[in-house]
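**Q**
In full-length UniProt numbering, the protein residues as written are 1 to 360.
1. Sort 208, 60, 178 by Cα distance to residue 44 and report the nearest one.
2. Are the CB atoms of residue 38 and residue 4 nearer to each other than 9 Å?
3. How big is the Cα-Cα spacing for residue 280 and residue 352?
4. Determine the closest residue to residue 36 out of 167, 275, 239, with distance taken between C-alpha atoms.
5. Quick test of your reading: residue 194 and residue 169, contact by CB under 8 Å. State the CB separation rounded to the nearest angstrom.
6. I need the DSSP call for residue 354, collapsed to helix, strand or coil.
7. Does the structure place the segment 135 to 148 close enough to the segment 68 to 85 that three or more beta carbon pairs sit under 8 Å?
8. With H, G and I counted as helix, E and B as strand and the rest as coil, what does DSSP make of residue 402?
9. Between the Cα of residue 98 and those of 161, 187, 89, spot the shortest distance and give me the residue it belongs to.
10. Hey, out of 28, 70, 210, 84, whose CA is closest to residue 101's CA?
11. Could you check what DSSP says for residue 444 in three-state terms: helix, strand or coil?
12. With DSSP run on the structure shown, which of helix, strand or coil describes residue 259?
13. For my contact list, residue 317 and residue 298 are in at a C-beta cut-off of 8 Å; report their separation, rounded to the angstrom.
14. If I measure Cβ to Cβ from residue 215 and keep anything under 6 Å in the same chain, skipping five residues before and after, which residues do I get?
15. Just to confirm, are residue 332 and residue 341 a CB contact at a threshold of 9 Å?
16. Going by DSSP, which residues form a beta bridge with residue 66?
17. With respect to the alpha helix (DSSP H) encompassing residue 276, which residues constitute its N-terminal and C-terminal limits?
18. Could you check which residue in 323, 296, 241 has the C-alpha nearest to that of residue 306?
19. If residue 113 sits next to residue 177, beta carbons under 8 Å apart, how far is it from one beta carbon to the other, in whole angstroms?
20. Indicate the three-state DSSP secondary structure (helix, strand or coil) for residue 363 in the structure shown.
21. Under 9 Å between the Cβ atoms of residue 164 and residue 13?
22. Within this structure, are the beta carbons of residue 330 and residue 268 separated by less than 9 Å?
23. Whole angstroms are fine: how far does the CA of residue 246 sit from the CA of residue 226?
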């Protein structure tokens, strides 16, 4: 999403980048963040649109996933953002790959996972995760959006449940919550921003202060508030801190044109039918060739009809249009191109295309 110097955001377990787009607060905030840079997000193993049947959620395995994403996007150097529980993974990767990480951002995070388990709130959440999945996700969502969060909290709770199963999150947290990368902190060479909310209950401000003191080139910025959700409680202050921190390294990049807040947009989605079964039947190499054909066809149609690629999810796209007519024409062109391909192809590509129009 966006253009310019890349920033890779490592979201917490339970992400679902397609469903998260349905939460207006996230959609608007990400659009603002991407005005000055290319924002990259992805779902971790076991979650969202990524492979679900996995059991290794170690720092090492999650670091390899990150490397696979940035290699696939051909990002030689990028800023890296570890969000709350993903802080240890971001720290480990930055310490071990100083040639690739230009900046490191740690949001309400830590180096030693046990530091996040000391508060009564964190222990209560852990018990809920074991006993009551729906109440756990509802509570986590209200922590993010406040107890008066209403529709936003409801949507976010549904996103978590769609993005990960209770059993997988238990396994994820069991492994991540034993992580300790404290010994790697002195090896981090990238300029680092430790960004924290003073009243955040799950990770105390003392943890953030200690974290910043152990990284050689770190600055600590403390903001008022208790939410671990960066879009809430003056989310503009979080944006300002990130823009100030990354600004020097991004001088000379051309800001991408953005629609004004409230401008009418049409969002186009594509989804390759049965992509998981396709990979199992054909194997990774042949399935990847078919998905490349999907990518080529979609991008040609977007270019021909003035669409802007927002995200690609391997077996699907999200794109934005300022004109509903152009979006519809692009969708028709895609389906015609796939139909033409399928007439002579040994393996057809079956693609669903959806449109959703409105104000962001």
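Using N, Cα and C, we set each Cβ at its ideal position, and we do this for glycine too.
**A** Taking the definition as stated:
1. Translated into the one-based positions of the chain shown, residue 44 becomes position 44. The residue with the shortest Cα to Cα distance from residue 44 is 60.
2. Here residue 38 corresponds to residue number 38 of the chain shown, with the count starting at 1. Here residue 4 corresponds to residue number 4 of the chain shown, with the count starting at 1. Cβ distance < 9 Å, so residue 38 and residue 4 count as in contact.
3. For the purposes of this step, residue 280 is taken as residue 280 along the chain shown, with counting starting at 1. For the purposes of this step, residue 352 is taken as residue 352 along the chain shown, with counting starting at 1. If I take the Cα positions, the gap works out to 20 Å.
4. If you number the chain shown from 1, residue 36 lands on position 36. Closest option to residue 36, Cα to Cα, is 239.
5. As a first step, residue 194 must be located in the chain shown, where it is residue number 194. As a first step, residue 169 must be located in the chain shown, where it is residue number 169. Between residue 169 and residue 194 the Cβ distance is about 26 Å, and since that is not below 8 Å, they are no contact.
6. One-based indexing of the chain shown puts residue 354 at position 354. DSSP places residue 354 in strand when its eight states are reduced to three.
7. no
8. Shown here, the chain extends from 1 to 360; a query on residue 402 therefore has no answer.
9. In the chain shown, residue 98 corresponds to position 98, counting from 1. Residue 98 has its Cα closest to that of 187, out of 161, 187, 89.
10. By one-based count along the chain shown, residue 101 stands at place 101. Among 28, 70, 210, 84, the Cα nearest to that of residue 101 belongs to 70.
11. This structure leaves residue 444 out entirely; the chain is present only between 1 and 360.
12. For the purposes of this step, residue 259 is taken as residue 259 along the chain shown, with counting starting at 1. Legend: pLDDT at residue 259 = 42, less than 50; position of this residue unreliable, value from coordinates given subsequently. In this structure, residue 259 counts as coil in the three-state DSSP scheme.
13. As a working mapping, residue 317 is identified with position 317 in the chain shown. As a working mapping, residue 298 is identified with position 298 in the chain shown. Going by Cβ atoms, the distance from residue 317 to residue 298 rounds to 5 Å, so yes, they are a contact pair.
14. Translated into the one-based positions of the chain shown, residue 215 becomes position 215. Same-chain partners within the cutoff: 185, 188, 192.
15. Residue 332 sits at position 332 when you count from the first residue of the chain shown. Residue 341 sits at position 341 when you count from the first residue of the chain shown. Going by C-beta atoms, residue 332 is not nearer than 9 Å to residue 341.
16. By one-based count along the chain shown, residue 66 stands at place 66. DSSP output for residue 66 lists no bridge partner at all.
17. Position 276 of the chain shown, counted from the first residue, corresponds to residue 276. That run of the alpha helix (DSSP H) goes 275 to 282.
18. In the chain shown, the residue the question calls residue 306 occupies position 306. Out of 323, 296, 241, 323 has the C-alpha closest to the C-alpha of residue 306.
19. Taking the first residue of the chain shown as 1, we reach residue 113 at position 113. Taking the first residue of the chain shown as 1, we reach residue 177 at position 177. Confirmed, Cβ separation roughly 4 Å.
20. The requested residue 363 is not part of the displayed model; the chain covers only 1 to 360.
21. For the purposes of this step, residue 164 is taken as the residue at position 164 of the chain shown. For the purposes of this step, residue 13 is taken as the residue at position 13 of the chain shown. Yes, they are a contact pair.
22. Start at 1 with the first residue of the chain shown, and residue 330 comes out as number 330. Start at 1 with the first residue of the chain shown, and residue 268 comes out as number 268. Closer than 9 Å, so yes.
23. Here residue 226 corresponds to residue number 226 of the chain shown, with the count starting at 1. Here residue 246 corresponds to residue number 246 of the chain shown, with the count starting at 1. Approximately 24 Å between the Cα atoms of the pair.
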